[in-house]
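Right, one structure below, let's go through it.
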Amino acid sequence: MNTVNSIKKDAECPVCGKKFAKADSCMIHLRIHTGERPFKCSICGDTFALNSRLVRHSLSHSNKKQFQCEICPIGFNRPDALKRHVQAVHYKLRRHCCQLCGCRFAAISSAHSSQ
Numbered sequence: 009m010n011t012v013n014s015i016k017k018d019a020e021c022p023v024c025g026k027k028f029a030k031a032d033s034c035m036i037h038l039r040i041h042t043g044e045r046p047f048k049c050s051i052c053g054d055t056f057a058l059n060s061r062l063v064r065h066s067l068s069h070s071n072k073k074q075f076q077c078e079i080c081p082i083g084f085n086r087p088d089a090l091k092r093h094v095q096a097v098h099y100k101l102r103r104h105c106c107q108l109c110g111c112r113f114a115a116i117s118s119a120h121s122s123q
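Reading the sequence shown from the start, the letters are residues 9 to 123 in the numbering used here.
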């Protein structure tokens, strides 16, 4: 049986000694130490160590807000931004949790389980 822990790790970071199963992963990791950020946004000039981070960042320049909050009219370019918004703005407003169904309410008196 091949588990994650039993995979042979041949590549080792020359700076910190962290081991990797693939040399490519080690090269990407090495950017942490070198500060290399080869992926540049053509709109604002921000740079990134990973292409996937550049792709995610590029969504911030879009006017299309495809991730809409279901509680208020605010829209977001990225799903993680919507999640962060809901947790920071709406979730804290609904501190009280129904013991029966798990629904959250702003006030205990609003909870249907308290009736």
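All C-beta atoms in this analysis are idealised placements derived from N, C-alpha and C, irrespective of residue type, glycine included.
Closest in alpha carbon position to Asn-85, among Arg-64, Glu-44 and Thr-42, is Arg-64. Measuring C-alpha to C-alpha distances from Cys-52 to each of Leu-62, Pro-81, Cys-106 and Gln-95 identifies Leu-62 as the nearest.
CA-to-CA, the gap between Leu-58 and Leu-108 works out to about 44 Å. When DSSP assignments are scanned along the stretch 28-67, the uninterrupted stretches of alpha helix (DSSP H) that are 4 or more residues long and fall wholly within it turn out to be 31-42 and 59-66. A distance of 9 Å or more separates the beta carbons of His-37 and Cys-49. When DSSP states are grouped into helix, strand and coil, Gln-74 belongs to the coil group. For His-93, the closest of Lys-72, Asp-54 and Gln-76 by C-alpha to C-alpha distance is Gln-76. Inter-residue distance for Ser-60 and Pro-46 is about 12 Å (C-alpha atoms, whole angstroms). Distances from the CA of Val-97 to each of Gly-43, Gly-110 and Ile-82 were compared; the closest alpha carbon is that of Ile-82. Cα atoms of Met-35 and Cys-105: separation of roughly 47 Å, rounded to the nearest angstrom.
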